[in-house]
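Per our numbering, the very first residue in the sequence shown carries number 108; after that it's consecutive.
All C-beta atoms in this analysis are idealised placements derived from N, C-alpha and C, irrespective of residue type, glycine included.
Being a predicted model, the structure only gives us computed values, none of them experimental.
Read through the structure below, which is laid out as structure tokens, and then see the notes.
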Amino acid sequence: FGAYGIYYGLSEGVFRAYIADLVDPENRATAYGLFNTGIGLALFPASLIMGTLWDRFGSKWAFLVSAGFSLLGFLIFIISLLLRKSNRKTGV
Numbered sequence: 108f109g110a111y112g113i114y115y116g117l118s119e120g121v122f123r124a125y126i127a128d129l130v131d132p133e134n135r136a137t138a139y140g141l142f143n144t145g146i147g148l149a150l151f152p153a154s155l156i157m158g159t160l161w162d163r164f165g166s167k168w169a170f171l172v173s174a175g176f177s178l179l180g181f182l183i184f185i186i187s188l189l190l191r192k193s194n195r196k197t198g199v
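Here you go:
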């Protein structure tokens, strides 16, 4: 839990800054609320899924599936950045 606390402490500000860059000032409160709601809704089933994978298939598979989802999230993030950058260049 200590490592997670360090991660969360370092990433919380980055998430907020990124949302602030993406959203107009008048919509930031809504964006922060939606972001945190999404995090909460995702964490509950994630814990259940991780526990089920661990019980049925062992720790190796639980961490491999978790790493796969992390990689998928990273790829989606990079693709969204590239698309946003190309939209800025074309003026869309």
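Item	Value
For S166 and I156, the rounded distance between their alpha carbons	12 Å
Contained alpha helix (DSSP H) runs [length at least 4] in the region 119-183, N- to C-terminal order	135-164
Distance CB(I126)-CB(A136) smaller than 8 Å	no
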